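Residue numbers for the sequence shown follow our numbering, so the first one is 567 and each next one is one higher.
Worksheet for the structure shown next.
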Amino acid sequence: MNLESVRLLHAQGIPNRYIANQVYRPIDDSHAERGTFFILFDQPAVTSGAFVSSLINTLIREYYRQPGPDRLAAFEQTLVRLNDQIGQYQNSLHSGLSLTLNGVVVLYIGDEIHITHVGSPRAYLQRHGELLALIDAKPSSDSTPLAFSVITSGEVLAQDCLVLIESQSSSDELMSNITFALSHDPLYESGRAYARIMKQKLDRESEALFVRFADTPEATYQIYVDRALETSAERWTQAQKAIQQQLTYIGQGITVLNHRIQQRIARTKATDTDSPAKIDKTVTAESSPTSPEQVDNVADFSVKTYWDTMQNNKATKLTAGTTPVTEEPITSGTPRQFSIPPSAQRLLRPRTAYLLIGALLCVGIVAKVINNTPSSTTQTMDTTTRDSFISQADTAARNADAALVQDDTSGAINYLIAAQSSLRQISREMQTETSKTLLSRITDRLDTLTKTTHLTNGQSVTINAPALKVIDTTNGIYALGKDNRLYLINQDNTTTTIPLAEGLTPLDGVAYNQKQAIAVLAQNQQNETVIMSVTASDGTVKEVIRTDKKAWPTARMISSFDRNLYLVGSTMWKATPQGEGYRATAYTPGADSTKMNAIVMSNGFFYGIEESRNLVRLATNSPKTAIKFFGAPEAFWPQTITRISTNASNLLYLFDKEGQRLIVTTTDGGYRKQYALPNTTTYIDVSVTDTAILAMSDNHTLTTFPL
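Here you go:
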């Protein structure tokens, strides 16, 4: 991902306060990892610019020196050196003088940002038009140690905008001003708009660094020049020209604009300085001071941070995680201690220096979290490791309490899932009464928050072959077997077998014609698509023929609406009754359906699952519409959806095979509730009727659970 950045300085500003500097760090003898530091420092009251310059030099030098592939570890140890330098400078000051320093450092590497601060600067991230306060630190008291004491980590997306600010304005006013400024384009004009607002309101310049993460190299440069820079020679020519216009290029792919704000800006036309509209939603972060004992080791990270999880944006991973860093008992007079996790990849591999717990820990293991199936381990676990997992779970549970106090239900769910995942790592034989009690309490709370119903008291019947699909008709429930047969489930839990035509391989089936018949999609021995119709009342089987005598389009799924049939292959086709046969026409001409793995009709629209997890809406001669899930944390949603079904409620029922659960959503993707299947067997297909949930297991057993 490429970067755009704008740097605004005082007329008497010190350039070292704002810097975008490309850095690299040798990982091993064969290669190095490149990244970028974005740095903002406010001028210390009792120092010269040399002190700020020395801090920046130390930052870049020490990061380069750190060994190994662990980015976060390298960044942490670099901050330890900066804290040492700050502490030494404080000790060197004359009696009666104190150091004030406000600064923020952002490491951008591999589409991740790791952000830390000292003092009380501000840092914001704009994503999809919404402004998040990543750092909104309150001024520290004189007794608070001056040190970098927290790292916030997360992934960034194309068109995200990072804003680093030094300002004494209130949070609401400042976020409103930034939102208004970012409504301007290009990014340079955003910076000018912000400068005008702050100059008008404060009668002085306010420092700010704007960085936008762009899609392409062309987007990086088009903000500053008339056309993209296509070759290194052209880039050099443009850079030379830019220098004359106070444009400075730092490194390849990074553009920094150094614009000196002139006094005449205060006389800008009133139309350009209209007050921005106040934004509706603000997300703030709160910090509690570190203790004097913790200033020597930045790895303690004893700061507590809250912000929303942006439920509608499933790409967002800027979600706080917490963990204790001391063995001291928590009392009413002792502030809780927390740490901020790194990106998702590192959450899966906690470090020994301090255990990281966070919302994204559950990605990939939600399956075992939701259905309460204990995970087994093939390795022997010692008591120290077991107690560590219990401690992690207890910490995450406490953090869930803190999140609920802040009305952050999504955050609480994330913490509880993380707590469950920690306890699931403990083998059965190593479980203790403490771990069992904690797991039971966490599970109950998670069930309450997620509106989970555990299915019980189902009626089961066994068929003679593996089943592809369960189909509800007016004559009862049918199971489509892989052995080219339909199995009718009788009232007495016996089955009636209905053979289909010889030589067919069933692919899919659906009820149609007011559920009075079943259409079975199959493939013959010549690999041609065949549709068989079965009358539900008497089991009559016949082939569905095209009226034009042509072959059916190649398809892998079939759906229906009334008497119409819909075939899904590389594209989607509609088959409508015509005389003794069916007429086939393209339903979504030109639309690609190759990635769709499940489909259902609901309330006049088709809803499909693409790439096993993305919900889309389809209609004839209309573009395919992507639907984002919302109403539950990102980590809660399944990674793989194998079936989508519906009933008269017009709600969507998504079967998470890995998680052994059925998630209920509205047709616009809003979370409603979920059903957890029993953990006594593995279910391979689940669908719904108006009155029941139908679950087919891998041992050929169909179980009906009443709704």
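We put the CB at the ideal spot given by N, CA and C, even for glycine.
Note that this is a predicted model, so its numbers are computed, not measured.
Buried or exposed by the 16-neighbour rule on C-beta atoms within 10 Å, applied to residue i
i	result
tryptophan 802	Note that tryptophan 802 scores 38 on pLDDT, short of 50, meaning its location in the model is unreliable; the coordinates nonetheless yield the value given after this. Per the 10 Å Cβ criterion, exposed.
proline 1065	exposed
threonine 944	The predicted model places threonine 944 with a pLDDT of 39, which falls under 50 and marks its position as unreliable, so this point remains unresolved.
valine 971	exposed
glycine 1174	buried
aspartate 948	exposed
glutamate 995	exposed
threonine 1091	Strictly speaking, residue 1091 in this sequence is glutamine, with threonine absent from that position. When all chains shown are included, glutamine 1091 counts as exposed.
aspartate 1222	buried
alanine 1117	exposed
alanine 1033	buried
glutamate 1109	exposed
glutamine 986	buried
glutamate 1068	exposed
glutamate 732	buried
asparagine 1163	buried
leucine 638	buried
alanine 962	buried
Continuous beta strand (DSSP E) stretch holding residue i: start and end
i	result
threonine 1071	1071–1078
valine 671	669–675
serine 658	First-last for serine 658: 637–658, but that is the alpha helix (DSSP H), not the beta strand (DSSP E).
asparagine 965	Per DSSP, asparagine 965 belongs to no beta strand (DSSP E); it is in the alpha helix (DSSP H), 949–971.
threonine 1018	1018–1020
tyrosine 1044	1042–1047
aspartate 1222	1218–1222
lysine 1239	1237–1242
glutamine 1226	No beta strand (DSSP E) contains glutamine 1226, which DSSP labels as neither H nor E.
glutamine 1025	1025–1028
arginine 1209	1209–1212
valine 684	678–684
leucine 723	First-last for leucine 723: undefined, no H or E at that position.
asparagine 1163	1162–1168
Endpoints, the alpha helix (DSSP H) within which residue i is located
i	result
phenylalanine 607	Segment 598–607 is the beta strand (DSSP E) holding phenylalanine 607; no alpha helix (DSSP H) there.
tyrosine 981	975–990
glutamate 739	737–748
For residue j and residue i, the rounded distance between their alpha carbons
i	j	result
threonine 848	alanine 724	Bear in mind that the predicted position of threonine 848 carries a pLDDT of just 27, short of 50, making it too unreliable to give a figure here.
alanine 1121	leucine 1087	8 Å
serine 1188	threonine 1154	7 Å
serine 1026	aspartate 1114	44 Å
leucine 665	asparagine 623	19 Å
alanine 1198	serine 619	45 Å
methionine 1098	threonine 1151	19 Å
glutamine 1226	arginine 1209	12 Å
glutamine 1082	threonine 1095	23 Å
glutamate 755	aspartate 636	38 Å
serine 715	asparagine 649	9 Å
alanine 1261	alanine 774	58 Å
serine 1263	threonine 718	44 Å
threonine 1061	leucine 1073	21 Å
alanine 747	alanine 780	18 Å
asparagine 657	glycine 669	19 Å
serine 736	threonine 745	14 Å
proline 1204	alanine 978	18 Å
valine 864	valine 729	Any reading at valine 864 needs caution, since the residue's pLDDT is 27, under 50, leaving its predicted position unreliable; the model's value is listed next. In a straight line, the C-alpha of valine 864 is about 24 Å away from that of valine 729.
threonine 1142	alanine 1077	15 Å
Beta-bridge pairing of residue i - partner residues as DSSP gives them
i	result
glutamate 696	Arg693
proline 1272	Ala1258
glutamine 1089	Thr1071, Thr1095
glutamine 1144	Gly1147
asparagine 1180	Glu1176
phenylalanine 1196	Gly1236
methionine 764	Note: methionine 764 sits in no beta bridge, so no partner.
tryptophan 1139	Leu1133, Ala1152
aspartate 1251	Met1262
glycine 1191	In the sequence under discussion, the amino acid at residue 1191 is threonine, which differs from the glycine named in the question. According to DSSP, which records beta bridges pairwise, threonine 1191 is partnered with Arg1183.
serine 719	His680
Contact test: residue i Cβ vs the ligand FMN heavy atom, cutoff 8 Å
i	result
aspartate 608	Looking for the ligand FMN in the displayed structure turns up nothing, as the structure carries no ligands at all.
Sufficient close CB pairs (3 or more, under 8 Å) joining the segment 1008–1025 to the segment 1038–1045
Contact between the segment 1008–1025 and the segment 1038–1045 is absent, because fewer than three Cβ pairs lie under 8 Å.
Should the segment 1201–1217 be called in touch with the segment 996–1005, which here means at least 3 C-beta pairs below 8 Å?
Cβ pair count under 8 Å is below three, so no.
Is the segment 946–965 in contact with the segment 1165–1179, if contact means three or more CB pairs nearer than 8 Å?
Because the criterion of three Cβ pairs below 8 Å is not met, the segment 946–965 and the segment 1165–1179 do not touch.
Counting pairs of beta carbons, one from the segment 672–691 and one from the segment 597–606, are three or more of them closer than 8 Å?
Three or more beta-carbon pairs drawn from the segment 672–691 and the segment 597–606 are found closer than 8 Å, and the two stretches are therefore classed as touching.
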